[in-house]
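Structure first, then comments.
Chains as they are written, first to last, in our numbering: chain U, 7 to 137; chain W, 2 to 224.
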């Protein structure tokens, strides 16, 4: 009971540092969000498909429909500008003029995992595209 | 060899601590990467994991509860006693005891620590230094848990298409208190078990037990 070794300060500091919240990468997230909004405004489904995560693309595709066809059918909001950006680990959230985007870092780059999202009173956002 | 023997307890538990921490990190990175794959994220390297908020929160939440346990135990055993328990001092010694009993100030001996001989505020602080340091480490670890836990929680929130929370929001959340209290309850149970079981059970040769032949009612005796 009385023999445990004090070995604290270093790891507490590491713990605090490890939890340092909004990580670097905000600029890269903003660039992806800007590209996403431009593609949405231009109704460029091919560009949108290049910006989504593999999981989101897969969830959008139904039956024989390709990603380009599926995203072309969605009327995703594209109003700017990019507003508040929050980055937590490999996940990010971006407020835009008329949307809330969710992004995931995949293969070293940021991709959109959720778009066309509407806040719900209780529970997660309801997103037209998510995956 | 004699030096090793003289410090065996510290060395053994120090080594166990490091081994357990490495084991936790290895199991943790495997578990974390499983979750990453199911939530559409990339696997992380071992180094990325051990510097992540997820690992920091897991480590800190266990640390804070351990140090809380010792902080409370050190302070409460000044005032609370348990008849028959090896973890309790003698029943008539409740409180901080006299300077003579504690060998401080003019009752200090030649080999007393400087803090016991100094008198004044230095002795006052030194007389409470063990509990105070445990308390500070507890608070530091708990703070670290809240900061790292919030970062980890917010990453999960975003993966679930939910809003991140502020620090005040996190420290009043179910996640924070669930993580905190599940650690606290086990620590308090362990202390209560030790206090009570040491009344009736013995471990021959251990200072955590009374000598085998000592009566159940004897209090404050170590084997």
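Yeah, the Cβ is synthetic: ideal placement off N, Cα and C, and Gly gets one too.
Neighbour flag for residue i against chain W, beta carbons, 8 Å
i	result
residue 112 of chain U	yes
residue 96 of chain U	yes
residue 102 of chain U	no
residue 137 of chain U	yes
residue 63 of chain U	no
residue 32 of chain U	no
Between the CA atoms of residue j and residue i - distance to the nearest angstrom
i	j	result
residue 54 of chain W	residue 199 of chain W	39 Å
residue 124 of chain U	residue 101 of chain U	11 Å
residue 3 of chain W	residue 135 of chain W	30 Å
residue 92 of chain U	residue 98 of chain U	5 Å
residue 27 of chain U	residue 24 of chain W	Any reading at residue 27 of chain U must be qualified, since the residue scores a pLDDT of 43, below 50, and its modelled position is unreliable; no value is offered.
residue 67 of chain W	residue 215 of chain W	30 Å
residue 52 of chain U	residue 64 of chain U	14 Å
residue 139 of chain W	residue 181 of chain W	12 Å
residue 71 of chain W	residue 195 of chain W	13 Å
residue 130 of chain U	residue 130 of chain W	48 Å
residue 74 of chain W	residue 167 of chain W	33 Å
residue 37 of chain W	residue 44 of chain W	6 Å
residue 86 of chain U	residue 33 of chain U	16 Å
residue 91 of chain W	residue 189 of chain W	22 Å
Neighbour flag for residue i against chain U, beta carbons, 8 Å
i	result
residue 152 of chain W	yes
residue 69 of chain W	no
residue 162 of chain W	yes
residue 20 of chain W	no
residue 1 of chain W	The structure shown does not extend to residue 1 of chain W, since chain W is modelled only from 2 through 224, so no value can be given for it.
residue 156 of chain W	yes
Buried or exposed (CB count within 10 angstroms, at least 16 for buried), residue i
i	result
residue 96 of chain U	buried
residue 59 of chain W	buried
residue 41 of chain W	buried
residue 90 of chain U	exposed
residue 50 of chain W	buried
residue 64 of chain W	buried
residue 47 of chain W	exposed
residue 30 of chain W	buried
residue 126 of chain W	exposed
residue 56 of chain W	buried
Identify each residue in the region 182-205 of chain W for which the Cβ-Cβ distance to at least one residue of chain U is less than 8 Å, and report them in chain order. 195
Taking a Cβ distance cut-off of 9 Å, strictly less, list which residues of the region 69-81 of chain U are near chain W, in chain order. none
Residues, ordered as in the chain, of the region 35-51 of chain W that lie near chain U by beta-carbon distance below 9 Å: Residues passing the 9 Å Cβ filter: 37, 40, 41, 42, 43, 45 and 51.
Name the residues in the region 114-134 of chain U whose C-beta lies less than 7 Å from a C-beta of chain W; which are they? 119, 120, 123, 130, 131 and 133
Under 8 Å: do the region 38-46 of chain U and the region 106-120 of chain U share three or more Cβ pairs, one atom per stretch? yes
Which residues, taken in chain order from the region 61-88 of chain W, show a beta carbon closer than 8 Å to some beta carbon of chain U? 61, 64, 67, 68, 71, 74 and 88
Does the contact criterion of 3 or more C-beta pairs under 8 Å hold for the region 206-223 of chain W versus the region 75-87 of chain W? Contact holds: three or more Cβ-Cβ distances are below 8 Å.
Determine, using beta-carbon pairs with one atom in the region 57-72 of chain U and one in the region 111-125 of chain U, whether at least three such pairs fall under 8 Å. yes
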